[in-house]
Amino acid sequence: MEGTFGFIEKRIIGNGSFLAYKTYNKSHGKLVQQHYRRELWALKHLNITSKDSSVQNHVVHLIDNQETSTCYHLIFPFYSSTLLAHATKKNQALALDFVKQISKGLAYLHSNNIIHCDLSPSNILIDELSGCMVICDFGCAHPNSNSLTDTTEEIGTRYYKAPEHLFGSKKYAPSTDIWSLGSIYAELLFGYPIFAGETDIEQVGRIIGRLGKPSDKVEKEEMSDYPDTNKLMFFSCASSDDESDFDFESDDEEMILVKANRKPLKQLMQEENLSETEQNLVVRILTWSTKERMSLPEIIFLIQQ
Numbered sequence: 101m102e103g104t105f106g107f108i109e110k111r112i113i114g115n116g117s118f119l120a121y122k123t124y125n126k127s128h129g130k131l132v133q134q135h136y137r138r139e140l141w142a143l144k145h146l147n148i149t150s151k152d153s154s155v156q157n158h159v160v161h162l163i164d165n166q167e168t169s170t171c172y173h174l175i176f177p178f179y180s181s182t183l184l185a186h187a188t189k190k191n192q193a194l195a196l197d198f199v200k201q202i203s204k205g206l207a208y209l210h211s212n213n214i215i216h217c218d219l220s221p222s223n224i225l226i227d228e229l230s231g232c233m234v235i236c237d238f239g240c241a242h243p244n245s246n247s248l249t250d251t252t253e254e255i256g257t258r259y260y261k262a263p264e265h266l267f268g269s270k271k272y273a274p275s276t277d278i279w280s281l282g283s284i285y286a287e288l289l290f291g292y293p294i295f296a297g298e299t300d301i302e303q304v305g306r307i308i309g310r311l312g313k314p315s316d317k318v319e320k321e322e323m324s325d326y327p328d329t330n331k332l333m334f335f336s337c338a339s340s341d342d343e344s345d346f347d348f349e350s351d352d353e354e355m356i357l358v359k360a361n362r363k364p365l366k367q368l369m370q371e372e373n374l375s376e377t378e379q380n381l382v383v384r385i386l387t388w389s390t391k392e393r394m395s396l397p398e399i400i401f402l403i404q405q
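In terms of the working numbering, the sequence shown opens at residue 101 and continues consecutively.
Okay, structure coming up:
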C-alpha cells in the first residue's frame, strides 16, 4: 500500500500471523525524514506498548522501529481495513461507533499533549473481527501548543482540515482534531465528504456553502490573526444559491453529488432525518470558531446519554 510519504507492506511472521511494515525511503528527501521522525516521536511519547493498551486507548501499537542504510521501518500489527472502506456507505450505527471510539483515542492523544493534525478515514484502522478502531499515521503530529509551529509544509488532508488551517494558522490545538472528527462523522452519516474542495480556496467555499460565512465577531476576535483571512474576500459576493451553471433536472450520479455539495448543512440534516443527538454533534463540532467548537469531554458526555 503506497502512502504520501511511505509505503506499507504486509509481512508474514513465523507463527503464521502478519505484521505491517511502514517504510520511509531516505532518498526521498528531508520532508519524508521529517514525517518519519515526527511519527516515531509521537508513537514513543504515547507509549502504547501492547495490544490491550492499543484497544483501550484506540491508538495503534508500535511494535518496533528499524533503520538501514537506505530506509526507516516502523512495525505495527497488521489491520486488513481502514475506515475509508466504509466511508461511502451511509451508516448511522457505524458513525456513532466511530465517534465513541475515536473520541476516546483523541482524548488519550490530547492528554499526552499530542495533536494528530491529519485525522481522516484512511488513518483509522479497523479490526474487522472485533470492530475496534485505532488511530494511526502520526507523520503530521505536533505538540499541543498555544504558540506558532515553525513549519512551512502543508499539514492535514484537505477534506478534513479545520478552517483555521485553510487560512494559514500554524497553531495546532485539540480543536484541530475535533473538526476532523466532525467531518468524518458527517461523512459516515451522509455517505460522502460534505466538504470536498479540490483546492484550499475551493474548500473554504464548500465550508461557507454548508455553514454560511463566519460571524463578524468570529472574524474580528479569532480570524483576524490568521495569515490568509483575505481568502474570505473571494466569497464576499458569492451566493451558495447560485445554481445557474448546473442542470438540476439531471439524474446523473455525479450531478446528484454536485447538488448535494451545494446544500446547507441544516437542510442536509433535515433530509436525512438525523436524531437530535446526531444534529447536535454535527452542528456543535463543525463551527468556524475554535472557542465554540465542542470539546472532547462534551462529545463523550453527549453520546453517552
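Glycine included, every Cβ here is placed at the ideal spot set by N, Cα and C.
Please read these numbers as outputs of a predicted model, since none were measured by experiment.
- For H135, there is no enclosing beta strand (DSSP E); the residue is part of the alpha helix (DSSP H) that begins and ends at 130–146.
- For F107, the closest alpha carbon among the candidates T149, I175, S154, S153 is that of I175.
- Between the stretch 255–271 and the stretch 150–157, the count of C-beta pairs closer than 8 Å stays below three; the two stretches do not touch.
- Taking one beta carbon from each stretch, the stretch 112–119 and the stretch 203–212 have fewer than 3 pairs nearer than 8 Å; the two do not touch.
- L119 has R111, P177 as its beta-bridge partners, per DSSP.
- DSSP places Q367 inside the alpha helix (DSSP H), whose first and last residues are 365–371.
- In the DSSP assignment, P243 forms a beta bridge with I214.
- Around the beta carbon of D218, 16 or more other beta carbons lie within 10 angstroms, which makes this residue buried.
- Shortest Cα-Cα distance from R310 to any of T299, S283, L402, G291 involves S283.
- DSSP, read as helix, strand or coil, puts N125 in strand.
- Cβ atoms of L281 and L365 stay farther apart than 8 Å, at about 16 Å.
- Linking M333 to N223 through their CA atoms gives a straight-line distance of about 33 Å.
- Taking the C-beta atoms as reference points, T182 is found no nearer than 8 Å to N125.
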